[in-house]
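Worksheet for the structure shown next.
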Amino acid sequence: MSDRIIFRNRVQINGIVQGVGFRPFIYRIAKQCNLAGFINNDSDGVLIEVQGSKESLNEFLTLIKTEAPPLSKITNIEKNEIATNSDKIFQIVETKNKVTATTLISPDVSVCEDCLNELTDPNDRRFKYPFINCTNCGPRYTIVKSIPYDRPFTSMAVFPMCPACEKEYRNPEDRRFHAQPNACPDCGPQLSLFDGNNQKITSNDPISETVQLLQKGKIVAIRGLGGFHLVVDAFNEKAVQELRIRKGRQGKPFALMAPSIASIKKYCLVSVDEEKFLNHHTRPIVLLKAKKSIDISDSIAPGNNYLGFMLPYTPLHFLLMEQFNALVMTSANFTDEPIAIKNDEAVERLTNIADYFLLHDRDILQRCDDSIIRVVDDKARLIRRSRGFVPEPVFIKNETQKNILAVGAELKNTFALSRKDSVFFSQHIGDLDNPSAYNFFEHSIDHLQNILQIKPQVIACDMHPEYLSTKWAKKQDLPILEIQHHHAHLASVMAENKISSPTIGLILDGTGFGTDGTIWGGEVLIGDFNGFERFAWLEPVAMPGGSMAIKQPWRMALSYLFKTFGEGFSKLELPFLKQIPDDQIILIEKMVNQNLNSPLTSSCGRLFDAISAMLGICSEVTFEAEAAIKMEMILDETVDDHYDFAVNDLGVLSVQSLIKQVVDDVHNKIPVSIISAKFHNSLAFFFAEVAENARQNFKINHVALSGGVFQNACFFNRLVKLLRQKKFEIITHSKVPTNDGGLALGQIAIANSMLKSL
Numbered sequence: 043m044s045d046r047i048i049f050r051n052r053v054q055i056n057g058i059v060q061g062v063g064f065r066p067f068i069y070r071i072a073k074q075c076n077l078a079g080f081i082n083n084d085s086d087g088v089l090i091e092v093q094g095s096k097e098s099l100n101e102f103l104t105l106i107k108t109e110a111p112p113l114s115k116i117t118n119i120e121k122n123e124i125a126t127n128s129d130k131i132f133q134i135v136e137t138k139n140k141v142t143a144t145t146l147i148s149p150d151v152s153v154c155e156d157c158l159n160e161l162t163d164p165n166d167r168r169f170k171y172p173f174i175n176c177t178n179c180g181p182r183y184t185i186v187k188s189i190p191y192d193r194p195f196t197s198m199a200v201f202p203m204c205p206a207c208e209k210e211y212r213n214p215e216d217r218r219f220h221a222q223p224n225a226c227p228d229c230g231p232q233l234s235l236f237d238g239n240n241q242k243i244t245s246n247d248p249i250s251e252t253v254q255l256l257q258k259g260k261i262v263a264i265r266g267l268g269g270f271h272l273v274v275d276a277f278n279e280k281a282v283q284e285l286r287i288r289k290g291r292q293g294k295p296f297a298l299m300a301p302s303i304a305s306i307k308k309y310c311l312v313s314v315d316e317e318k319f320l321n322h323h324t325r326p327i328v329l330l331k332a333k334k335s336i337d338i339s340d341s342i343a344p345g346n347n348y349l350g351f352m353l354p355y356t357p358l359h360f361l362l363m364e365q366f367n368a369l370v371m372t373s374a375n376f377t378d379e380p381i382a383i384k385n386d387e388a389v390e391r392l393t394n395i396a397d398y399f400l401l402h403d404r405d406i407l408q409r410c411d412d413s414i415i416r417v418v419d420d421k422a423r424l425i426r427r428s429r430g431f432v433p434e435p436v437f438i439k440n441e442t443q444k445n446i447l448a449v450g451a452e453l454k455n456t457f458a459l460s461r462k463d464s465v466f467f468s469q470h471i472g473d474l475d476n477p478s479a480y481n482f483f484e485h486s487i488d489h490l491q492n493i494l495q496i497k498p499q500v501i502a503c504d505m506h507p508e509y510l511s512t513k514w515a516k517k518q519d520l521p522i523l524e525i526q527h528h529h530a531h532l533a534s535v536m537a538e539n540k541i542s543s544p545t546i547g548l549i550l551d552g553t554g555f556g557t558d559g560t561i562w563g564g565e566v567l568i569g570d571f572n573g574f575e576r577f578a579w580l581e582p583v584a585m586p587g588g589s590m591a592i593k594q595p596w597r598m599a600l601s602y603l604f605k606t607f608g609e610g611f612s613k614l615e616l617p618f619l620k621q622i623p624d625d626q627i628i629l630i631e632k633m634v635n636q637n638l639n640s641p642l643t644s645s646c647g648r649l650f651d652a653i654s655a656m657l658g659i660c661s662e663v664t665f666e667a668e669a670a671i672k673m674e675m676i677l678d679e680t681v682d683d684h685y686d687f688a689v690n691d692l693g694v695l696s697v698q699s700l701i702k703q704v705v706d707d708v709h710n711k712i713p714v715s716i717i718s719a720k721f722h723n724s725l726a727f728f729f730a731e732v733a734e735n736a737r738q739n740f741k742i743n744h745v746a747l748s749g750g751v752f753q754n755a756c757f758f759n760r761l762v763k764l765l766r767q768k769k770f771e772i773i774t775h776s777k778v779p780t781n782d783g784g785l786a787l788g789q790i791a792i793a794n795s796m797l798k799s800l
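Structural data, given as structure tokens:
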């Protein structure tokens with residue numbers, strides 16, 4: 043026996059350490075350091091006991107911190123010295139369940155290079171097997187039923203491993219050691235192809251059959267990782283148009299998948315940062331500037347200068363894409379419904395859309411749409427945070443006093459759960475006014491609580507009394523904290539950037555219930571997590587018809603013209619006015635005059651809508667923010683001019699001067715591309731000046747940008763440039779969306795502050 047002094051440490055590691063190759067990594071470095079002991083998964087992460095010399099134990103801990111698997115994320119390491127025992131070897135032991143759970147489930151991960159090499163190797167037993175995976179890649183969150191993350195608690199439980207897979211699974215030296223979805227053609231999930239009448243098509247190669255169908259212009263519903271995609275050949279104009287008609291999606295862009303970066307570069311300009319995020323293991327859809335004169339169908343993104351591309355992220359995708367330069371890959375649903383995940387559900391719901399169905403028998407337990415990012419100002423800005431990111435937490439500076447459930451907003455809903463310094467977002471839920479989305483919302487709350495073992499003690503919700511998320515919160519038997527919408531936006535960007543001191547907030551969006559009962563959305567706030575004051579806001583105007591004014595921007599245009607020019611506005615020589623029947627103009631005038639179903643709004647989003655309609659760009663929308671997006675797309679980026687304006691200290695920010703100058707430019711037949719650019723520039727100058735006034739009044743140099751309007755990259759870039767020139771410290775979103783998809787983070791931060799004061 044050695045004369046060296048032996049010590050034994052118990053090491054508890056929390057974070058994303060299950061399903062990412064962490065145990066075999068620990069096994070290897072323990073052997074490398076000549077240590078005895080064991081490791082096992084538990085519901086807190088992993089528990090390790092190691093025994094050896096002091097030097098070896100120190101080296102072991104250093105290697106954990108410096109050499110951990112790339113997909114792991116360690117949030118905490120706790121080490122305690124304990125009594126030695128007679129262990130002679132290091133081993134991996136079976137999971138022991140515990141009552142308390144703080145482990146983190148890994149998001150789903152795109153297929154790795156090692157698996158791709160095997161997928162394309164004719165001599166490998168998994169050659170062309172569309173469900174190949176290992177500890178470094180594959181499904182995670184979407185197949186998890188409960189924790190710990192072990193095979194019996196996933197949708198792979200129904201697939202007993204064959205001897206060859208079992209051998210890999212049990213071998214700590216193997217890349218598939220304890221890879222829970224491990225499978226092969228002999229024992230794992232299988233593909234099957236069905237026609238639109240739910241009749242199985244006999245085929246030894248369903249993927250090749252599917253490729254041929256797509257080449258013939260057919261629409262195929264394909265079951266993927268987090269749900270079904272509706273897929274067509276991106277170069278077949280007729281097929282793309284037919285998909286639009288059947289799906290009921292008139293103008294909203296479709297997402298695309300390409301086999302490689304080289305393929306994407308044929309159609310889009312791709313920066314270094316954009317290429318990095320396209321290749322990232324999260325595999326989001328990345329919005330890219332389209333090149334001119336490309337042969338991709340014009341119907342994929344009508345009126346839009348950008349295309350949303352992603353790279354393949356499952357083995358099935360790679361096998362499909364071998365024969366195509368680009369495929370349309372859009373969520374398999376009717377407009378506004380959640381993505382389909384079950385085979386029978388897809389066939390039932392999509393039978394009037396899809397011609398064929400490529401199915402598999404590995405259950406998807408959590409639907410998860412593709413995530414979307416846009417690189418703006420050299421940062422990836424999440425537009426939708428879903429597959430590949432969920433349920434990885436966002437960490438905040440101030441630990442929550444209690445477990446909080448924040449239920450988010452009505453549109454672009456996501457909710458979040460907090461535990462100490464971790465905030466766990468749901469995947470993208472969607473618009474809750476759709477019954478299927480509302481059911482998905484309720485189910486997902488239960489599921490996330492279950493797999494995270496977080497029992498909320500309080501619920502934070504929006505103060506809008508008609509939000510379905512708020513109504514749901516009030517039905518629960520828990521204390522409720524109501525949070526003002528735009529305060530939550532401010533708190534969200536502050537919490538993400540770990541700023542807690544008072545901050546100037548430029549909060550610009552489409553709608554949010556204000557403390558005065560009107561609809562806000564063009565707000566300059568001064569606040570922190572404890573509270574806020576409304577320093578300035580766009581002058582309120584009527585929304586004739588309420589929500590109809592969102593769907594028909596011409597109504598907002600009439601409202602702004604009436605506010606600016608009075609009852610004679612209809613005599614203005616504006617081409618768009620000639621498209622509106624006289625009786626409609628008279629009706630809108632009456633509604634605004636008599637305050638009939640015309641709530642007041644200070645919304646910046648509605649101002650964009652109004653200008654878009656005035657310029658004849660978009661008078662009716664088929665999807666959210668369409669009018670503003672089209673106006674951004676047509677602007678002339680070389681134009682630096684802006685309209686004259688005056689900013690006062692009275693709180694109300696009048697844009698009547700701006701409206702008059704826009705009308706003058708239309709009268710003078712100035713191209714709409716120039717007018718749009720001048721409008722964007724003017725609004726940026728306008729809010730930069732207001733921020734300067736706020737700084738002088740409150741001696742605050744932090745300025746935060748949040749709200750859906752900041753998804754407009756041209757406006758964002760112009761405003762940020764001006765604020766930098768003024769030496770502001772600017773905080774913006776990158777970890778959560780600037781739209782309502784990031785709202786729950788702010789709700790949690792404010793609720794936590796409120797709990798401290800109770």
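Per this note's numbering, residue 43 is the first one in the sequence shown, and the count goes up by one each step. Glycine is no exception: its CB is placed at the ideal position from the N, C-alpha and C atoms.
query: Are T393 and G238 close, meaning C-beta to C-beta below 8 Å?; result: yes
query: CA-CA distance, M363 and Y398?; result: 18 Å
query: If you compare alpha carbons, which of Q626, C310 and D340 is closest to G286?; result: In the sequence on display, residue 286 carries Arg and not Gly. The residue with the shortest Cα to Cα distance from R286 is D340.
query: Rounded to whole angstroms, how far is the Cβ of R325 from the Cβ of M352, which I believe are closer than 8 Å?; result: 6 Å
query: Taking DSSP as the reference, what is the three-state secondary structure of L657?; result: coil
query: Figure out for me which residue from C204, G230 and F366 has the closest Cα to the Cα of D275.; result: F366
query: Quick one: complete alpha helix (DSSP H) runs, 4+ long, within the segment 261-341?; result: 279-289, 303-306 and 314-321
query: In the DSSP assignment, the beta strand (DSSP E) including Q133 goes from what residue to what residue?; result: F132 to I134
query: With a threshold of 16 other CB atoms inside 10 Å of the CB of V314, please say whether the residue is buried or exposed.; result: exposed
query: Report yes or no: do three or more beta-carbon pairs, one from the segment 703-712 and one from the segment 641-658, lie closer than 8 Å?; result: yes
query: Cα-Cα, which of P248, G554 and S718 is closest to T680?; result: S718
query: Under the assumption that G63 contacts P111 (Cβ atoms under 8 Å), give the Cβ distance between them as a whole number of angstroms.; result: 4 Å
query: Determine the direct distance from the alpha carbon of I249 to that of C157, and round the result to whole angstroms.; result: 18 Å
query: Since I believe E97 is in contact with R50 (beta carbons under 8 Å), could you give me their beta-carbon distance rounded to a whole number of angstroms?; result: Incorrect: roughly 14 Å between the Cβ atoms, too far for contact.
query: My output table needs one value for K763: the three-state DSSP class, helix, strand or coil.; result: helix
query: Would you tell me roughly how many angstroms separate the C-alpha atoms of P172 and N754, rounded to the nearest one?; result: 38 Å
query: Run through DSSP, which three-state label would T553 get?; result: strand
query: Is the distance from the Cβ of I792 to the Cβ of F571 below 8 Å?; result: yes
query: Are there 16 or more other CB atoms within 10 angstroms of the CB of R416, so buried, or fewer, so exposed?; result: buried
query: Verify whether the separation of the beta carbon atoms of I134 and R65 is less than 8 Å.; result: yes
query: Alpha carbon to alpha carbon, how far is D475 from L320? Give it in angstroms, no decimals.; result: 33 Å
query: Measure from the C-beta of N635 to each C-beta in chain D and report whether the shortest distance is under 8 Å.; result: Absent from the structure is chain D; it holds one protein chain and no more.
query: Between A537 and L787, which are expected to be in contact by the criterion C-beta below 8 Å, what is the C-beta distance as a whole number of angstroms?; result: 5 Å
query: Within 10 angstroms of its Cβ, does N385 collect 16 or more other Cβ (buried), or is it exposed?; result: buried
query: Residues bridged to W562 by DSSP?; result: G554
query: Bridge partners of V689, per DSSP?; result: In the DSSP output, where bridge partners are listed per residue, V689 has none listed.
query: Would you kindly work out how many angstroms separate the C-alpha atoms of A422 and K777, rounded to a whole number?; result: 8 Å
query: Check for me: the beta strand (DSSP E) holding C503 runs from which residue to which?; result: V500 to D504
query: Less than 6 Å between C-beta atoms, sequence neighbours within five positions excluded: which residues of the same chain meet that for I327?; result: A297, G350, M352, D412 and I414
query: Please report the residue range of the alpha helix (DSSP H) in which H485 lies.; result: P477 to L494
query: Measure the C-alpha to C-alpha separation of T142 and A448 and round it to an integer number of angstroms.; result: In this predicted model, T142 has a pLDDT of only 49, less than 50, meaning its place in the structure is not dependable; the value taken from the coordinates is given anyway. If I take the Cα positions, the gap works out to 22 Å.
query: If you drop the 5 nearest sequence neighbours on each side, which residues of the same chain put their C-beta closer than 6 Å to that of E565?; result: H528, I549 and W579
query: In the DSSP assignment, what residue or residues form a beta bridge with R576?; result: L567
query: Checking the sheet assignment: what are the DSSP bridge partners for T780?; result: The partner list for T780 (beta bridge, DSSP) is empty, contrary to what the question assumes.
query: Within the same chain, show all residues whose beta-carbon is closer than 6 Å to that of V53, passing over the 5 residues directly before and after it, in chain order.; result: I90 and K121
query: How many Å lie between T252 and L369 at the Cα?; result: 12 Å
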